[in-house]
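For the protein sequence lines, the chains are X and E, in the order given.
Sequential numbering of the first sequence, starting at -2, is according to my numbering.
Sequential numbering of the second sequence, starting at 381, is according to my numbering.
These notes concern the structure reproduced below.
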Amino acid sequence: EVQLVESGGGLVQPGGSLRLSCEASKFTFSSYWMSWVRQAPGKGLEWVANIKQDGSEKYYVDSVKGRFTISRDNAKNSLYLQMNSLRAEDTAVYYCARDRRYCSGGSCYPYYFDYWGQGTPVTVSS
Amino acid sequence: QSALTQPASVSGSPGQSITISCTGTSSDVGSYNLVSWYQQHPGKAPKLIIYEVSKRPSGVSNRFSGSKSGNTASLTISGLQAEDEADYYCCSYAGSSTFAYVFGTGTKVTVL
């Protein structure tokens, strides 16, 4: 069974930085897009960022552009999210998820998330 | 990228059927059959239950079904069971070449 295990969450002051990690196992990590999705306390899900298999394409939700950077190391089967200039509104549980693509007519589109990790909590507070 | 609109809550008795709506725009839900649905129990990670509007992953009960009309997608749970009490989220390609996802606002399903 596919496994995704996040780590790196914690308490950080506004303006600070944090790096989340997601270790993947039981599937060929280098063959899949991957995403980060977050959920603020008591709120809904919000897609944050995703990255192509080889890292050549990366996309972000507008609210984190310029502050967060998604990356991956296929040799280590790991996904990362570097979060800088953190704000109180970034407080959430951060999930990594395997991101499936729908390909048609030479283009591939966001399709669905078929496996999720258990999440790592991030709290931004002074 | 505004969130898709779902009712905050839906309830039903065991054995009944309920339907959750998910309203987007002609740029996202209305333009692509790339709608998925997720079930989330308290304190747990979301679980995929429907993809591509109406397809069920292996192992998901056939009591869950999906459909779409225009800019609105729907999830129907038939033969409601106590274990179906959870939060449900729709999700779609955001369209407009954003290569982004947009989630729904979420619906709390209560089994009476």
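We put the beta carbon where it would ideally sit given N, CA and C, even for glycine.
Bear in mind that the values here come from a model prediction, so they are computed numbers and not experimental data.
| Check | Outcome |
| --- | --- |
| Proximity test, Cβ basis, 8 angstroms: X/V119 and chain E | no |
| Per-residue DSSP class, three states only, for X/V90 | strand |
| Contact set between X/Q79 and chain E, taken where Cβ atoms lie within less than 9 angstroms | Those do not exist, as X/Q79 stays about 19 angstroms from chain E at its closest Cβ, beyond 9 angstroms. |
| Neighbouring residues, chain X, relative to E/S416 (Cβ below 8 angstroms) | Y108, Y109 and F110 |
| Option in E/N413, E/W417 and E/P426 with minimal Cα separation from E/G475 | E/N413 |
| Cβ pair count under 8 angstroms reaching 3, the stretch 86 to 101 of chain X against the stretch 20 to 36 of chain X | yes |
| Cutoff 6 angstroms; reference X/Y108; Cβ partners in own chain excluding five residues on either side | R97, R98 and Y99 |
| Outcome for E/N442 when other beta-carbon atoms lying within 10 angstroms are tallied against a minimum of 16 | exposed |
| X/Y92 at chain E interface by Cβ criterion, 8 angstroms | yes |
| Bridge-paired residues (DSSP) for X/Q36 | X/L42 and X/V90 |
| Opposing strand residues paired with E/T405 [DSSP bridges] | Bridge partners of E/T405: none, in fact. |
| X/V61 - DSSP class collapsed to helix/strand/coil | helix |
| At least 3 beta-carbon pairs within less than 8 angstroms: the stretch 466 to 473 of chain E vs the stretch 418 to 435 of chain E | yes |
| Span separating the alpha-carbon of X/Q0 from that of E/L384 | 29 angstroms |
| Sub-8 angstroms separation of X/R64 and X/G52 beta-carbons | no |
| Cβ distance (whole Å) where X/P38 is taken to contact X/S123 below 8 angstroms | About 17 angstroms separates the two Cβ atoms, so there is no contact after all. |
| Inter-residue Cα distance where the pair is X/T120 and X/G102 | 42 angstroms |
| Coil, strand or helix - X/F110 by DSSP | strand |
| Bounding residues of the beta strand (DSSP E) (the contiguous stretch that carries E/A453) | T452 to I457 |
| Burial state of E/S448, where buried means 16 or more other Cβ atoms lie within 10 Å | It should be pointed out that residue 448 of chain E corresponds to Lys in this sequence rather than to Ser. It counts as buried. |
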